[in-house]
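Okay, so here's the structure we're looking at.
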Amino acid sequence: MPLWKKTIFVNAVKARVEQESRTAKDIIQDYTRLTEAEKTEILAEIK
133 MPLWKKTIFV
143 NAVKARVEQE
153 SRTAKDIIQD
163 YTRLTEAEKT
173 EILAEIK
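Quick note: the sequence shown, position 41, residue 173 per my numbering, numbers continuous.
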């Protein structure tokens with residue numbers, strides 16, 4: 133995944149965690165067009 137794409141998704145998920153009081157793992161499932169590898173990469177960056 134390109135760095136720019138990962139940065140956008142990491143920031144979006146972090147913002148949604150704060151606003152919606154949901155877990156990052158729960159929120160990442162909303163992004164259905166991401167591959168499992170991309171989801172794992174984004175979650176690893178958040179933790």
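In this text, a Cβ means the ideal position worked out from N, Cα and C, and glycines have one as well. Computed from a predicted structure; not experimentally measured.
In terms of Cβ geometry, residue 159 and residue 171 do not form a close pair [threshold 8 Å]. For a cut-off of 8 Å, the C-beta gap from residue 149 to residue 174 is around 12 Å, too long to register as a contact. Judged by beta-carbon spacing, residue 178 lies beyond the 8 Å limit of residue 147, meaning their Cβ atoms are not closer than that value.
Taking the Cα positions, residue 166 is about 22 Å away from residue 153.
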